[in-house]
Amino acid sequence: MRQNFIEVLRSSADERRALFSTAASDLETRAENIEKDLYVCWVLDFLFNRRPSDPIGLYFKGGTSLSKAYGLIKRFSEDIDIGIYKADLKVPLEADIAALPTVNQQQKALADQVDEAARRYMSGPLKDLLAKEIAAIEGESGQTGHFSLGFGYDSYRKKEALDILIVGYKSVFDMSGGYVEAAVRIEGGARPDPSRRIIPYIAPEMRAGADLTVANVITVRPERTFWEKVLILHAMTEVTEKRSIEENPERKVPDLNRYSRHYYDVHQIWTHPDYGKATASMLDLAEACRKHKELMFRAPDHRYDRAVPGTFRLVPTTGMRKKLSADYERMSAMIFGTPPEFKTVMASIYELEQVLNNVGRS
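The working numbering numbers the first residue of the sequence shown as 224 and each following residue consecutively.
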């Protein structure tokens with residue numbers, strides 16, 4: 224993919240605009256989405272094929288894996304969530320941490336050690352390798368200063384997030400004020416399964432013989448991603464309700480900006496004929512995901528202890544729905560073709576919650 228990516232960068236801004244616009248027209252989406260997709264795929268190629276000297280193994284997860292690796296959602300996915308093999312980081316494995324008594328502070332200390340190791344890797348070796356690749360790409364394409372590289376922001380800790388890398392690029396479109404930004408966010412943290420091939424949306428518009436395929440992308444199975452997103456929905460309802468009652472200015476209610484995509488993703492999988500009911504019946508997997516959240520993320524307000532059949536809280540409160548509806552309207556520009564109505568998505572979430580909470584009941 225690398226050489227053909229460079230070829231695209233070498234072309235003029237007008238040529239790139241035409242390329243992205245043609246692909247966007249075919250897919251019924253916006254040209255800036257197609258442009259960013261190319262950069263997302265290039266970053267994936269770097270992560271999975273351009274680190275020969277790096278011994279740390281990575282895997283691809285999250286919403287982008289649902290669209291790019293499995294085609295289960297019809298929205299453009301702009302960020303990259305990666306997992307880091309804990310064994311490669313030489314940190315305690317999850318099973319070792321789980322074996323300790325839950326009341327033991329040593330368990331929390333070991334979980335924090337895993338997080339810190341991930342931050343050190345992302346902000347050190349991985350960032351350095353990416354900076355070198357960016358410099359090489361800029362040199363070979365003649366596009367000096369085309370990219371920027373920095374850290375994201377941790378709103379919880381109120382400081383730079385050393386486990387989030389932001390790769391900015393110079394867009395050929397005016398991205399000011401839009402929902403989609405001219406930057407690729409790489410978010411890491413310390414279960415993968417298949418290796419998948421990822422292809423940018425502009426591939427059909429390229430000259431004959433130009434290969435933009437990204438091979439060897441180790442990817443989390445969509446069933447696990449589904450349950451991880453179900454837990455996000457549950458956590459948002461629980462924490463919003465709790466903090467709304469508290470009215471503590473130091474513990475603000477989540478603004479839910481960019482959260483409607485999770486509800487859409489769950490809707491898409493739940494209504495998929497091959498994945499919906501089959502995935503929702505995988506309660507052992509659901510429990511494994513729940514225990515992982517409880518063990519590694521330790522957020523009491525999220526009430527992961529209640530994320531079990533009978534007490535799932537997926538349906539948003541009335542106040543949440545207003546925020547999510549506004550965000551969904553903006554996010555809809557990322558969906559290919561005609562997006563489902565927000566009320567349709569909410570109906571799916573209600574139905575799924577009912578199904579999960581009636582498991583085992585006659």
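Glycine included, each C-beta is placed from N, C-alpha and C at the ideal position. It should be emphasised that the depicted structure is a prediction, and the values quoted were computed from it without experimental measurement.
Residues bridged to residue i [DSSP beta-bridge criterion]
i: residue 281; result: 307
i: residue 313; result: Per DSSP, none; premise fails for residue 313.
i: residue 558; result: 298
i: residue 408; result: 302 and 389
i: residue 437; result: 421
i: residue 370; result: 392
i: residue 376; result: 383
Collapsed DSSP secondary structure at residue i in the structure displayed
i: residue 442; result: strand
i: residue 360; result: helix
i: residue 422; result: coil
i: residue 568; result: helix
i: residue 241; result: helix
i: residue 397; result: coil
i: residue 551; result: helix
i: residue 448; result: helix
i: residue 272; result: helix
i: residue 343; result: helix
i: residue 255; result: helix
i: residue 334; result: helix
i: residue 266; result: helix
i: residue 225; result: helix
i: residue 573; result: helix
i: residue 582; result: coil
i: residue 563; result: coil
i: residue 233; result: helix
i: residue 321; result: helix
i: residue 286; result: helix
i: residue 246; result: helix
i: residue 354; result: helix
Own chain partners of residue i with C-beta closer than 8 Å, once the 5 adjacent residues on each side are dropped
i: residue 230; result: 433
i: residue 364; result: 229, 232 and 233
i: residue 514; result: 321
i: residue 402; result: 553, 554, 556 and 557
Own chain partners of residue i with C-beta closer than 7 Å, once the 5 adjacent residues on each side are dropped
i: residue 516; result: 454 and 527
i: residue 512; result: 447, 450, 451 and 454
i: residue 314; result: 336, 337, 340 and 413
i: residue 439; result: 271, 272 and 418
i: residue 293; result: 445
i: residue 518; result: 317, 320, 321 and 334
i: residue 370; result: 357, 361, 390, 391 and 392
i: residue 376; result: 383 and 384
i: residue 509; result: 450
i: residue 463; result: 476, 477, 540 and 543
6 Å CB neighbourhood of residue i in its chain, flanking five on each side removed
i: residue 466; result: 474 and 476
i: residue 458; result: 525
i: residue 566; result: none
i: residue 308; result: 280
i: residue 579; result: 532 and 535
i: residue 304; result: 284, 285 and 410
i: residue 487; result: 568
Contact with chain B by residue i, beta-carbon distance below 7 Å
i: residue 263; result: This model lacks chain B altogether; it includes just one protein chain.
| query | Taking contact to mean at least 3 C-beta pairs separated by less than 8 Å, is the stretch 393-411 in contact with the stretch 262-279? | reply | yes
| task | Examine the Cβ distances between the stretch 242-261 and the stretch 337-357 and report whether three or more of them are shorter than 8 Å. | result | no
| Taking the runs of the alpha helix (DSSP H) that are 4 residues or longer, which of them lie wholly in the stretch 450-500? | 483-493
| request: Output the residue ranges of the alpha helix (DSSP H) runs that lie fully inside the stretch 497-544 and measure 4 residues or longer, sorted by chain position. | output: 499-503 and 506-520
| request: Would you check if the stretch 420-429 and the stretch 300-314 touch, i.e. whether three or more CB-CB distances between them fall below 8 Å? | output: no
| message | For the stretch 394-401 against the stretch 352-363, do three or more pairs of beta-carbon atoms, one drawn from each stretch, fall closer than 8 Å, so that the two count as touching? | response | no
| field | Stretch-stretch touch, CB-based, cutoff 8 Å, three pairs: the stretch 487-500 with the stretch 550-569 | value | yes
| query | Any chance the stretch 496-503 sits against the stretch 554-562, with 3 or more Cβ pairs inside 8 Å? | reply | no
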